[in-house]
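Chemist: If you scroll down you'll find the structure; I have some questions about it.
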Amino acid sequence: MEQQMVLLLVTVLLVLLGHVVTVTTATSGSSNTGNRIPLDPQNTRVWGPGVEIPDRATLPARYFFIEPRDADNLKINESQKYDVHIIGQSRFGSCRYRLNQIDRHDGSSILRYRLAESCTDVTIHVRHNGVHLNGSPFAIAGPLYTEQCYCPQGSADEWLESVGCPPGDPQIDMDLIPFRAINFSSLRTRMIQQYDKPGSISYCNYVILRNDVHRRCYGQHTGFSKFMDTILLSLARKFSLPDMELFVNLGDWPLVKKGGPSRTTGPYPIFSWCGSDDTFDIVMPTYDITESTLENMGRVMLDMLSIQKRGVPWTDKHRKAFWRGRDARRERLELVRLARRHPELLNASLTNFFFFRDEESEFGPRVAHISMHDFFDYRYQVNVDGTVAAYRLPYLLAGSSVVMKQDSFYYEHFYRKLVPMRHYIPFEADLSNLLEQVEWARENDEKAQEIRDNANAFVNANLLPLDIYCYHALLFKEYAKYIVSPIQVQPGMEKIEQPEEAYHCPCERTTLPRDEL
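FYI, the numbering for the sequence shown is -22 to -1, 1 to 495, going by mature numbering (1 follows the signal peptide of the UniProt record, and there is no 0).
Okay, structure coming up:
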């Protein structure tokens, strides 16, 4: 800001002296002048699964990226408008779809579209001011199926390769080390007895056989089984799931403690949405990020694409750390106490009291919920654990602010890839150095923005919708290798049916025989 003021004063002085001056500021490798930069159609980048492999990567909403560049092949940091048209045929005539452009804070855009029905003979036209951008029109070789269409494409291995998923993941490798020969014939009864605590533990026993999903749930609170049902059914519509049996924890806390009975019986293979350093649970993407993937451009308002929408520019953001949430952990109350003592550095308030209701008089009053998009009016986003890992972290990493993350022994499926001071600014679990880290960020503005940019790049490489599908597919493929017992539907299980419309699409690639077809 000071440099810009100096440039402005120099410019005014030179103009008063009769000189004509053009002042241009640019970051390395980017073009960002005060005048609008002409976009070069051939240099502009258009990429992503929504234009490169939309016939192979069937997603609820397909998406791709546009990075505008000028004649010198420098990135343009100003938002652009694009004309995108999907031309194709459906059983109702022309291909019908909904389209959404998301302008990001760096000048690039995400384009996403959701099909109303399956389409064939598709070309995707991407223009700017009537001129096709690099690679457009994109001719799609195969048909584009809707998310609800039952049209599995070969095995998990074949699907993973066809859509370009990574061949492995360090968290999956680590999680499966204790489970090299899983025999449910001997484990199943013991596991059901071990976790027969219906008031405090809820879980489901699933069997996937011939690409059909069966389950039986245990416990009083089994409503979250819908999240597991939905992702399994969605995967089964895309490829043939391996035959397998699995137990899925429906609660917040991981279940399989290290030590204790695990020393003698060995750990039980249980899938959870959150892991911890003192448990053996096999970690999946959280139900939150999975639902936002499945409902992209659907009934959810927040997802890993929409959260990247351009908001307040960095220079206009409040130079404070920010946090909102409920009282799920003592450190969250201490965060509020810190904010009251240092309001110039931290804005933190509680939106609800449940765990510490008797302390509301001290740490209240509760404040109204606000949209997460409004969080990014502040430069620094504080991430503090709740009952377990705070499931908001993926969205914070995707935003236009830098993340400050509490040290924690809880983790989600992607934490192992995160690097402190590259993707986020760490602080101690007891918050003892949080204010110090805020002051560091204020004094090291360029480095803070670099960390923010690294976090954004991490999200786009690891946490977008296709990545969430890839992780589930890879996890189940690897896990199924280690089951040595016969895969059989167990007594009391119910079959979870595909939606009715799944079989009303013109599938041209089904590789599995089905009695229903």
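All residues carry an ideal CB built from backbone N, CA and C; glycine is no exception.
With a threshold of 6 Å on Cβ separation, who are the neighbours of C448 within its own chain once the five nearest residues in sequence on each side are excluded?
Modeler: So the qualifying residues of the chain are C143.
Chemist: Could you tell me which residues DSSP pairs with Y184 in its beta bridges?
Modeler: R193 and L224, per the DSSP bridge assignment.
Chemist: If you scan the segment 24 to 53 from start to end, which runs of the beta strand (DSSP E) of 3 or more residues do you find wholly inside it?
Modeler: Entirely contained in the segment 24 to 53, the beta strand (DSSP E) runs reaching 3 residues are, in chain order, 40 to 45.
Chemist: Starting from M382, trace the beta strand (DSSP E) in both directions and tell me its first and last residue.
Modeler: From DSSP, the beta strand (DSSP E) with M382 extends over V380 to Q384.
Chemist: Please confirm if the segment 292 to 299 is in contact with the segment 354 to 365, defined as three or more CB-CB distances below 8 Å between the two stretches.
Modeler: The answer is yes - the segment 354 to 365 touches the segment 292 to 299, with three or more Cβ pairs under 8 Å.
Chemist: Can you grab the Cα-Cα spacing for the pair D363 / Q384, in whole Å?
Modeler: Going by the C-alpha atoms only, they are around 7 Å apart.
Chemist: If I'm right that C485 touches Y128 with Cβ under 8 Å, what's the distance once you round it to whole angstroms?
Modeler: Indeed, because the Cβ distance is near 7 Å, the residues count as touching under 8 Å.
Chemist: Whose CA, out of T264, S339, D221 and P372, lies closest to the CA of Q286?
Modeler: Q286 has its Cα closest to that of P372, out of T264, S339, D221 and P372.
Chemist: Kindly provide the ranges of any alpha helix (DSSP H) runs that are 4 or more residues long and lie completely inside the segment 112 to 187, ordered along the chain.
Modeler: Qualifying alpha helix (DSSP H) stretches, in chain order: 134 to 140, 148 to 154 and 162 to 172.
Chemist: So which of I248, Q126, A326 and H199 has the shortest CA-CA distance to E95?
Modeler: The shortest Cα separation from E95 among I248, Q126, A326 and H199 belongs to Q126.
Chemist: Counting only the same chain and skipping the five closest in sequence on each side, list residues whose C-beta sits under 8 Å from that of L283.
Modeler: Excluding positions up to five away in sequence, the list reads A39, Y41, I80, I88, R90, N274, L442 and P443.
Chemist: Which residues in the same chain as H351 place their Cβ atom closer than 7 Å to its Cβ, once the five residues preceding and following it in sequence are excluded?
Modeler: Excluding sequence neighbours, H351 sits near K287 and G289.
Chemist: Considering only the beta carbon of each residue, do D259 and P232 sit closer than 8 Å?
Modeler: For D259 and P232, yes; Cβs fall inside 8 Å.
Chemist: For E(-21), collect the residues of the same chain with a Cβ closer than 8 Å to its Cβ; drop the 5 residues on either side in sequence, then sort them by chain order.
Modeler: Any reading at E(-21) must be qualified, since the residue scores a pLDDT of 44, below 50, and its modelled position is unreliable; the value itself is stated next. Closer than 8 Å at Cβ, skipping near neighbours: no residue.
Chemist: Identify every residue that forms a DSSP beta bridge with W251.
Modeler: W251 pairs with nothing; no bridge assigned.
Chemist: For D281, which residues does DSSP report across the bridge?
Modeler: Note: D281 sits in no beta bridge, so no partner.
Chemist: Ignore the nearest five residues each way along the sequence and tell me which others in R400's own chain have a CB closer than 8 Å to its CB.
Modeler: Cβ within range, chain order: I429 and N432.
Chemist: Determine the direct distance from the alpha carbon of A159 to that of R82, and round the result to whole angstroms.
Modeler: Cα to Cα, R82 sits roughly 47 Å from A159.
Chemist: Quick check on the burial criterion: 16 or more other C-beta atoms within 10 angstroms. Buried or exposed for E479?
Modeler: Counting Cβ neighbours within 10 Å, E479 comes out exposed, since fewer than 16 surround it.
Chemist: Can the beta-carbon of I465 be found less than 8 Å from the beta-carbon of M222?
Modeler: Yes.
Chemist: Got a sec? Which residues, its chain only, sit under 6 Å from S254 by beta carbon, not counting five neighbours each side?
Modeler: Excluding residues within five positions, the ones whose Cβ falls inside 6 Å are P232, F387 and Y388.
Chemist: Enumerate, from N- to C-terminal direction, the unbroken beta strand (DSSP E) stretches of 3 or more residues contained entirely within the segment 283 to 343.
Modeler: For the segment 283 to 343, whole beta strand (DSSP E) runs of length 3 or above, ordered along the chain, are 296 to 304 and 324 to 330.
Chemist: Alpha carbon to alpha carbon, how far is S212 from N161? Give it in angstroms, no decimals.
Modeler: Whole-angstrom Cα-Cα distance: 27 Å.
Chemist: Quick check on the burial criterion: 16 or more other C-beta atoms within 10 angstroms. Buried or exposed for R382?
Modeler: The displayed chain sequence assigns Met, not Arg, to residue 382. It counts as buried.
Chemist: So E338 packs on I150, CB below 8 Å; how close in whole Å?
Modeler: 42 Å between Cβ atoms; not a contact.
Chemist: Give every residue of the same chain whose Cβ lies closer than 8 Å to the Cβ of D48, excluding the five residues on either side of it in the sequence, and list them in chain order.
Modeler: Once the five neighbours on either side are set aside, the close Cβ partners of D48 are S9, I15, P16, L17, D18, N21 and I54.
Chemist: Can you tell me where the beta strand (DSSP E) holding L89 begins and where it ends?
Modeler: Element bounds for L89: S87 to L93.
Chemist: CA-CA distance, M279 and T101?
Modeler: In a straight line, the C-alpha of M279 is about 29 Å away from that of T101.
Chemist: Q468 and V191: beta carbons closer than 8 Å?
Modeler: Their beta carbons are not under 8 Å apart, which means Q468 does not touch V191 by this criterion.
Chemist: Under 8 Å Cβ to Cβ from G342, same chain only, skipping five residues before and after it: list those, please.
Modeler: For G342, where only same-chain residues beyond five positions count, the Cβ hits under 8 Å are L328 and F331.
Chemist: Measure how close the beta-carbons of A214 and P130 come, nearest whole angstrom, since I'm counting them as under 8 Å.
Modeler: Yes, A214 and P130 are in contact; Cβ-Cβ is about 7 Å, under 8 Å.
Chemist: Taking the C-alpha atoms as reference points, what is the distance between T124 and L375?
Modeler: If you take the alpha carbons of T124 and L375, they lie about 29 Å apart.
Chemist: Measure the CB-CB distance between L228 and S203 and report whether it falls below 8 Å.
Modeler: Yes; because the gap between Cβ atoms is below 8 Å, this pair is in contact.
Chemist: Identify the continuous beta strand (DSSP E) that holds V62 and give its terminal residues.
Modeler: D61 to S68 is the span of the beta strand (DSSP E), which, as asked, contains V62.
Chemist: Just curious, the alpha helix (DSSP H) that P443 is in, first and last residue?
Modeler: Run containing P443: P443 to A458, per the alpha helix (DSSP H) assignment.
Chemist: Leaving out five residues on either side along the sequence, give the residues of the same chain with a beta carbon under 6 Å from the beta carbon of C97.
Modeler: These residues qualify, in order along the chain: G66, S68, C73 and L122.
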